[in-house]
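Engineer: Chains as they are written, first to last, in the working numbering: chain L, 1224 to 1466; chain U, 213 to 328; chain H, 9 to 509. Beta carbons are placed, not taken as given, at the ideal position from N, Cα and C, and that holds for glycine. One structure coming up, written as structure tokens, with questions to follow.
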């Protein structure tokens, strides 16, 4: 009986393999067909982005300005998934302490944390000048929170970075993203408008340039950092015992 | 040969591996990993599409010349973030099920009888 | 200045952010605030619908960019109908909860999730950008899991997980479709794609069509991919399930039709797909109804019935597409829209009145359901509407769809489906009638008064079914207008791209 079960399992895996390989083959064919099309006209993002948005990083210009509405959408996806995770798993409590690392590691990390802090800060604030932006920097900031938990143990980390601070940071950042978008509506240009609302462009290539793009990067950075670190804390937390 | 072709083949292969994993695995963690693999395949595809012969990163800090297509990069970032949100929910559902029933095997959890 | 359609998307989104903040600071204020904001959305959508029907479609250019490089939204005669439906659904859902829970503290984050869900559905209806459509569909998926998975329901997590797998595969297919379209046409705007898509080779075109059909089909329950629906609605609880099926399914169907007609240009590119769609819809009707017949659980039965009714709408769209932009074609699609409206009213009514049956029986198995006489009355009215007995709206919509079919086969299948659904609703009625004799209203501890209050909203909805049945001659011209806007992609392109270079 066991043998027949194994055989049926093998056949099932073989069928699944053939099915997925044929899916993959048809995908390759479709992509080659699509890229084989005669070259389509350039939309002019590279040509115009500095003049249009003041940001010399074209990807950031698309993310935060031309297609800023998508960015609001994806920020809402992260917002909602944090809320769903919090609704599925109850609010985290740390009844069991994880083994904290040795004193050498803790001392070393304590001195290194400010240095580590510089990288996400740079990535967020220079999002319109160099590769990076709110999302990438926010993720690195969230990693710092996780590092604090791993090195110093949950109880100390929760005392230094309270869960409510993260939650509130996320809510306020999300709200200010939406309200900043409304600025464009009030000036009659369109939702999430940037330079057209009359904010100064600055000199492209300098830190203070790109109109609202650095502000949006900062907001998204705070939001993603708060969201992802509260995701980690919610997943890591011990189940609350119901007595 | 078009240098994009190996990238496309990789993307399709990784996508197929993700779907294969979804079909055969019964453990929720393994399903989460498969979901993640499937999502990365589309990112690889987007990166391959952005390729322009001799193009550099689309950052206009002085140098001229061809640049990679910036739109797929922006789409890839959005897709990554959405995928991360999905993965977080999938993992939290796994944790919830494991806490409640002590197993992450879908076959043991899912009541297959349709009429019940 | 004309009303900007983006406000319809932004209002529920900002409400969701605001509500989660308010819920943290002063939880007691949250329900009233949520109701106020959702009524505000409703007012905005009414104003927008009025504006569109008087002065023609309104486009919104996000950030003021040309639609070729930025994102644009378009509110036309078709999409405002869906926006109205969704915002009514959100408001009625909140009124329904308030009717049995009052305006004090509501546990859980239902307020936030329902706001986000509304935002994503309205976004799906309005957006004129394919990638933006993808973002809104993923947002709706995440919000759906929030509505569905509750920690106190053991199967909620499993249903949520199954839904998540289906939604991930669907999202991956949709993204591949969007990426293929982008690399072939060089644009993401639906209007521009509609102009460029004629150059595509047939093999690539069919691949893209298949990606979109399978992906959105998983979302609204195209036949082999509907298996997650019974579990999802079972897990969601009656209040949330009504949002998912009565309003969510309609938005996915609407997005599917929009993608077929505008960016994919199906009528001119591959008209042979429309009969396939009709057949697929007929398969949905047959399979949904027969699986419903053997179902023992109230909520799962209603979920399978939704699968079948999605089939009726698909049949209408398939017939409309085969006939093209003729009077008969417009009438068929308008009949499909009428069925959408009817099914939304009826399904919400059945699920919300079902809440009181399930509460009194403390089980969702059909054989043990208990009902008060008033509840049974509402159930009967709504069931008449969903089966399609004259003079309800269900009769009118099924008659309109069947009369657009040129061949007898769809008529026979629609008739057969009606008979099967009559059988299972009759079965539930007989069980309810036998259980009704125990009067449960005399309890004086206040809970029964609340149960009575909770019948208010479903009662109004059931009366609405009767009303739209009588006034179909008033509603149909409006829907014909909407169907015209949906099928006329030339006007759509003109309104999105406008006179911009």
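In terms of alpha-carbon separation, which member of 58/H, 72/H, 101/H and 299/H lies closest to residue 510/H?
Structural biologist: Here chain H covers residues 9 to 509 and nothing more, so residue 510/H does not appear.
Engineer: Under a three-way DSSP split, which group does residue 1417/L fall into?
Structural biologist: If DSSP states are grouped into helix, strand and coil, residue 1417/L belongs with coil.
Engineer: Count the other C-beta atoms from every protein chain shown that fall within 10 angstroms of the C-beta of residue 68/H, then say buried if there are 16 or more, exposed otherwise.
Structural biologist: So residue 68/H ends up on the buried side.
Engineer: If you measure beta-carbon to beta-carbon, which residues of the region 215 to 245 of chain U are closer than 8 Å to chain L?
Structural biologist: Per Cβ criterion, the list reads 216, 217, 220, 221, 223, 224, 225, 227, 228, 229, 231, 232, 235 and 236.
Engineer: Which residue comes first and which comes last in the alpha helix (DSSP H) that contains residue 1289/L?
Structural biologist: Counting along the chain, residue 1289/L falls outside any alpha helix (DSSP H), and DSSP gives it neither H nor E.
Engineer: So is residue 1417/L in contact with chain U if we call contact Cβ pairs under 7 Å?
Structural biologist: Cβ-Cβ to chain U under 7 Å: no for residue 1417/L.
Engineer: Cα separation between residue 346/H and residue 1252/L?
Structural biologist: Cα to Cα, the separation comes out at about 41 Å.
Engineer: First and last residue of the beta strand (DSSP E) that includes residue 67/H?
Structural biologist: First-last of the beta strand (DSSP E) with residue 67/H: 66 to 69.
Engineer: Buried or exposed: residue 1333/L, going by 16 or more other Cβ atoms within 10 Å of its Cβ?
Structural biologist: That one is exposed.
Engineer: Give the residues of chain H in contact with residue 290/U, contact being defined as C-beta atoms less than 9 Å apart.
Structural biologist: Near residue 290/U (Cβ distances below 9 Å), the residues of chain H are 139, 142 and 143.
Engineer: Just the Cα atoms here: how many angstroms apart are residue 1245/L and residue 1307/L?
Structural biologist: So the alpha carbons of these two residues sit roughly 36 Å apart.
Engineer: Give a yes or no on whether the minimum CB-CB distance between residue 175/H and chain L is below 7 Å.
Structural biologist: So, not an interface residue.
Engineer: So, helix, strand or coil for residue 220/U, using DSSP?
Structural biologist: Helix.
Engineer: Which residues in the same chain as residue 174/H place their Cβ atom closer than 6 Å to its Cβ, once the five residues preceding and following it in sequence are excluded?
Structural biologist: Once the five neighbours on either side are set aside, the close Cβ partners of residue 174/H are 226 and 236.
Engineer: Would you tell me roughly how many angstroms separate the C-alpha atoms of residue 1376/L and residue 1321/L, rounded to the nearest one?
Structural biologist: One C-alpha to the other measures close to 6 Å.
Engineer: Can you check whether the CB of residue 1247/L is closer than 7 Å to the CB of residue 225/U?
Structural biologist: Yes, Cβ-Cβ distance for residue 225/U and residue 1247/L is below 7 Å.
Engineer: Straight-line CA distance for residue 247/U to residue 259/H?
Structural biologist: Taking the straight line from one Cα to the other gives about 25 Å.
Engineer: Quick check on the burial criterion: 16 or more other C-beta atoms within 10 angstroms. Buried or exposed for residue 406/H?
Structural biologist: Buried: at least 16 other Cβ atoms inside 10 Å.
Engineer: Looking only at its own chain, which residues have a Cβ that is under 8 Å from the Cβ of residue 1436/L, when we skip the five neighbours before and after it?
Structural biologist: Correct list, in chain order: 1276, 1277, 1278, 1283, 1284, 1287, 1288, 1350, 1351 and 1417.
Engineer: Who are the near neighbours of residue 92/H in its chain, counting only those whose CB is closer than 6 Å to its CB and skipping five residues on each side?
Structural biologist: Around residue 92/H: 53 and 57.
Engineer: Going by DSSP in three states, residue 451/H sits in which element: helix, strand or coil?
Structural biologist: Confidence is the limiting factor: at residue 451/H the pLDDT is only 49, short of 50, which leaves the residue's position unreliable, though a coordinate-based value still follows. Note: residue 451/H maps to coil in three-state DSSP.
Engineer: What residues from chain U crowd round residue 1229/L, counting only those whose CB sits closer than 9 Å?
Structural biologist: Simply none; closest approach about 14 Å.
Engineer: Which chain U residues sit within Cβ distance under 7 Å of residue 184/H?
Structural biologist: Chain U residues near residue 184/H: 254.
Engineer: Give me the subset of the region 261 to 275 of chain U whose CB atoms are less than 7 Å from a CB atom of chain H, sorted by chain position.
Structural biologist: Result list: 261.
Engineer: Classify residue 1243/L as buried or exposed, calling it buried when 16 or more other Cβ atoms lie within 10 Å of its own Cβ.
Structural biologist: Residue 1243/L comes out buried.
Engineer: Work out the CA separation of residue 112/H and residue 1273/L for me, nearest whole Å.
Structural biologist: Distance between the alpha carbons of residue 1273/L and residue 112/H: 52 Å.
Engineer: Are the region 135 to 145 of chain H and the region 173 to 192 of chain H touching, with three or more C-beta to C-beta distances below 8 Å?
Structural biologist: Contact holds: three or more Cβ-Cβ distances are below 8 Å.
Engineer: Residues of chain U with a CB under 9 Å from the CB of residue 121/H: which are they?
Structural biologist: Under the 9 Å cutoff, chain U gives no residues; its nearest Cβ is about 12 Å from residue 121/H.
Engineer: Given this structure, state the Cα-to-Cα distance separating residue 63/H from residue 70/H, to the nearest angstrom.
Structural biologist: Rounded to the nearest angstrom, the two C-alpha atoms are 21 Å apart.
Engineer: Under the DSSP definition of a beta bridge, which residues are partnered with residue 271/U?
Structural biologist: Answer by DSSP bridge pairing, in chain order: 1280/L.
Engineer: Please confirm if residue 297/U has its CB atom under 7 Å from at least one CB of chain L.
Structural biologist: Closer than 7 Å to some Cβ of chain L, the Cβ of residue 297/U qualifies, so yes.
Engineer: In chain H, what lies closer than 7 Å to residue 1258/L by C-beta?
Structural biologist: Within 7 Å Cβ-Cβ: 191.
Engineer: Quick check on this structure: which residue in 246/H, 276/H, 255/H and 332/H has the alpha carbon closest to the alpha carbon of residue 371/H?
Structural biologist: Closest option to residue 371/H, Cα to Cα, is 246/H.
Engineer: Between the alpha carbons of residue 147/H and residue 128/H, how many angstroms are there, rounded?
Structural biologist: Distance between the alpha carbons of residue 147/H and residue 128/H is about 6 Å.
Engineer: State yes or no: is the C-beta of residue 473/H within less than 7 Å of the C-beta of residue 354/H?
Structural biologist: In contact: residue 473/H and residue 354/H (Cβ atoms closer than 7 Å).
Engineer: Would you list, in chain order, the members of the region 308 to 320 of chain U that have their beta-carbon closer than 9 Å to a beta-carbon of chain H?
Structural biologist: The residues in question are 308, 309, 312, 313 and 318.
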